[in-house]
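Participant:
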Amino acid sequence: MTKLTYIAFDGTRFDVDASDGSTVMENAIRNDVPGIDAECGGACACATCHVYVDEAWTDVVGEPEAMEEDMLDFAYDVRPNSRLSCQIKVRPELDGLTVSVPERQG
Amino acid sequence: MSDVIETDVVIIGAGPVGLFAVFELGLFDMKCHLVDILDRPGGQCTELYPEKPIYDIPAWPSILAQDLVDKLLEQIEPFKPTYSFNRMIAGIEQLEDGRFRLSTDDQEVIEAKVVVIAAGGGSFQPKRPPIPGIEAFENESVFYSVRRMEAFRGEDVLIVGGGDSALDWTLNLQPLARSLTLVHRRPEFRAAPDSVNKMYALQEMKKLDFEVGQVTALKGDGGKLQSATVKGPNGEVEVPCTRLLPFFGLTMKLGPISDWGLELKDNLVVVDTEKFETTRPGIFAIGDINWYPGKLKLILSGFHEAALMAQAAKRIVSPGERVVFQYTTSSTNLQKKLGVA
Ligand SMILES: Cc1cc2nc3c(=O)[nH]c(=O)nc-3n(C[C@H](O)[C@H](O)[C@H](O)COP(=O)(O)OP(=O)(O)OC[C@H]3O[C@@H](n4cnc5c(N)ncnc54)[C@H](O)[C@@H]3O)c2cc1C
Ligand code: FES
Chain U
1 MTKLTYIAFD GTRFDVDASD GSTVMENAIR NDVPGIDAEC GGACACATCH
51 VYVDEAWTDV VGEPEAMEED MLDFAYDVRP NSRLSCQIKV RPELDGLTVS
101 VPERQG
Chain X
1 MSDVIETDVV IIGAGPVGLF AVFELGLFDM KCHLVDILDR PGGQCTELYP
51 EKPIYDIPAW PSILAQDLVD KLLEQIEPFK PTYSFNRMIA GIEQLEDGRF
101 RLSTDDQEVI EAKVVVIAAG GGSFQPKRPP IPGIEAFENE SVFYSVRRME
151 AFRGEDVLIV GGGDSALDWT LNLQPLARSL TLVHRRPEFR AAPDSVNKMY
201 ALQEMKKLDF EVGQVTALKG DGGKLQSATV KGPNGEVEVP CTRLLPFFGL
251 TMKLGPISDW GLELKDNLVV VDTEKFETTR PGIFAIGDIN WYPGKLKLIL
301 SGFHEAALMA QAAKRIVSPG ERVVFQYTTS STNLQKKLGV A
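These protein sequence lines are chains U and X, in that order. Heads up: the first sequence is residues 1 to 106, going by the UniProt record's numbering. Heads up: the second sequence is residues 1 to 341, going by the UniProt record's numbering.
1) Could you tell me whether any Cβ in chain U is nearer than 8 Å to the Cβ of G162(X)?
2) Chain U beta carbons: is any one of them nearer than 8 Å to that of P193(X)?
3) For I159(X), which option in S179(X), E150(X), E140(X), R147(X) has the closest C-alpha, if you only look at C-alpha atoms?
4) Cβ of G106(U) less than 8 Å from any chain X Cβ?
5) Which residues in chain X sit within 7 Å of D70(U), going by Cβ to Cβ distance?
6) Tell me K89(U)'s beta-bridge partners as DSSP assigns them.
7) CB G26(X) to CB G43(X), shorter than 8 Å?
8) If you measure beta-carbon to beta-carbon, which residues of the segment 37-63 of chain X are closer than 8 Å to chain U?
9) Quick one: grab the DSSP three-state call for N290(X).
10) DSSP three-state call for D194(X): helix, strand or coil?
11) Cutting at 7 Å between CB atoms, please list the residues of its own chain near S141(X), excluding the five before and the five after it.
12) Out of R87(X), G162(X), V4(X), A118(X), which has the shortest C-alpha to C-alpha gap to L182(X)?
13) I need the straight-line Cα distance from A168(X) to V215(X), nearest angstrom please.
14) Taking a cut of 7 Å between CB atoms, which residues from the segment 213-246 of chain X lie near chain U?
15) Beta-carbon of P81(X) versus every beta-carbon of chain U: anything under 8 Å?
16) How is D67(X) classed by DSSP in three states: helix, strand or coil?
17) Out of S84(X), A166(X), F210(X), Y200(X), state which residue places its alpha-carbon closest to the alpha-carbon of R190(X).
18) Provide the residue span of the beta strand (DSSP E) that contains A35(X), from first to last.
19) Please determine whether the Cβ atom of I159(X) lies at a distance below 7 Å from any heavy atom of ligand 1.
20) With a CB to CB cut of under 8 Å and the five nearest residues on each side skipped, what residues in its chain are close to T7(X)?
21) State yes or no: is the C-beta of P256(X) nearer than 7 Å to some heavy atom of ligand 1?
22) Give a yes or no on whether 8 Å exceeds the smallest Cβ distance from C40(U) to chain X.
23) Please tell me whether V78(U) has its Cβ less than 8 Å away from any Cβ of chain X.
24) Would you be able to state if there are at least three C-beta pairs under 8 Å between the segment 11-30 of chain U and the segment 40-51 of chain U?
25) Under a three-way DSSP split, which group does K336(X) fall into?
26) Would you please verify whether the beta carbon of F74(U) is less than 8 Å from any beta carbon of chain X?
27) Could you please tell me which residues of the segment 128-141 of chain X, in chain order, have their CB closer than 7 Å to any CB of chain U?
28) Taking the Cβ atom as the reference point for each residue, do L338(X) and P41(X) lie within a distance shorter than 8 Å?
29) Just the C-alpha distance for S301(X) and Y55(X), rounded to the nearest angstrom, thanks.
30) Where does Y76(U) sit, in a helix, a strand or coil, going by DSSP?
31) Could you have a look at Q107(X) and say whether DSSP puts it in helix, strand or coil?
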């Protein structure tokens, strides 16, 4: 199990245990984190699972691939630490990862 | 305008559920015509996740979404359905003899005795960018497509986006506009490299401006746009503009079907669970587009709905004829239709 923390837009914290191999989006949905819509179910086709990766974690999490970068064009208020949470796979190195949810999804 | 297409049943949407409906309707000798706004069949399976395995199709422990679509196309082959691709169904009217006349956005006309809405998540439509208050400027200063280039002549045009539509319109409108600014979140584009090079060349010649950033606010009055705030890596700039063209991709919307006078619930078409008929007799809705208590948006459920809908559709297409329940395994009649007996 890998521990993840989500910070909702209103500041509420969600600490969850995530299994390796699942995605950061899936764990948000499973734990009812508000503000993650994930309309396409993780197909990298909707940009409604946008999150900001905590600055301390951006290097570990890594850069989005080209397809995700393209999809991020459709997200709201994209920043250098923006990622689509369905494209981040949970793995042991991410233990303690914190992501925050933007004001809105598209 | 092309000739009228006449058919027993017109199916709106060639996703997995629309395709399987051809099979169920075909077993009862009903001829089908499918219309889809996309350029190929398959709906969400083909557009969103062709390479992903699906694990809950009965008797298929695992099947790739595109393989499922290919198998469905093979299964309905004997019934020779016809297709109109790249067409969105827009209007509907009922003729005096009870049949329906449907028109597409391309003025194609289809006449059918029964209408089956299998429109899934809806039709793909331009997405409204998340800029506060943008609605107030729509159709006056903000447009999501260019219908008449003349409407942009002499205007200060702001185009937002990095795909082909954004770049193509940047190049096409630049000669007409008084000024043109292109805004994109990053210096990399999804658009064809040739268009991107042309855009940079025009920027060199100071014939247009390119800003890296995102539009965060609009200023103006009574629908008339005056400027947009662009937040970029070096802070905010105010770009004067009288026309805004945002290209933010597509989203799925119910679209014109929402004006057909059908009972809706949260943008879904309400049906009964015996025939999957809408509140307008003769118009059915199956698959992801419909709603009834307990509805699950699963392919499996859509297939079941198609089978029951076909029984009811037969009674409309061939009134007075007895609808006999038969198995494909044992009925030579059905096997003849499938071309196996
Ligand atoms: C990532 C993902 C994974 C999924 N996994 C599963 C799974 O494991 N199992 C499962 O059962 N389901 C799954 N689904 C759901 C499944 O794909 C849908 O239930 C299924 O596609 C619904 O089929 P449909 O034919 O009703 O609609 P769609 O597949 O949405 O097709 C509808 C078609 O209608 C067209 N259309 C709409 N309006 C118009 C109009 N006005 N004029 C012309 N054409 C129009 C659209 O262009 C589209 O092609 C998944 C979905 C996604 C996104
Ligand atoms: S869920 Fe659609 S892009 Fe992530």
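Every residue gets a Cβ at the ideal spot worked out from N, C-alpha and C, and that includes glycine.
Facilitator: To lay it out plainly:
1) yes
2) no
3) S179(X)
4) yes
5) R190
6) Bridge partners of K89(U): T23(U).
7) no
8) E47, L48, Y49, K52
9) strand
10) helix
11) G220, G223, K224, L225, T242, R243, L244
12) G162(X)
13) Looking at the sequence shown, residue 168(X) is not Ala but Asp. When rounded, the distance between both Cα atoms is 20 Å.
14) Q214
15) Answer no: the Cβ-Cβ gap between P81(X) and chain U never drops below 8 Å.
16) helix
17) A166(X)
18) Position check: residue 35(X) holds Val in this sequence, whereas Ala was assumed. Its beta strand (DSSP E) spans residues 32-35.
19) no
20) K31, C32, H33, T82, I110, E111, A112
21) P256(X) Cβ: within cutoff of ligand 1.
22) yes
23) yes
24) yes
25) helix
26) Yes, contact with chain X.
27) P130
28) no
29) Here the alpha carbon of S301(X) sits roughly 14 Å from the alpha carbon of Y55(X).
30) coil
31) coil
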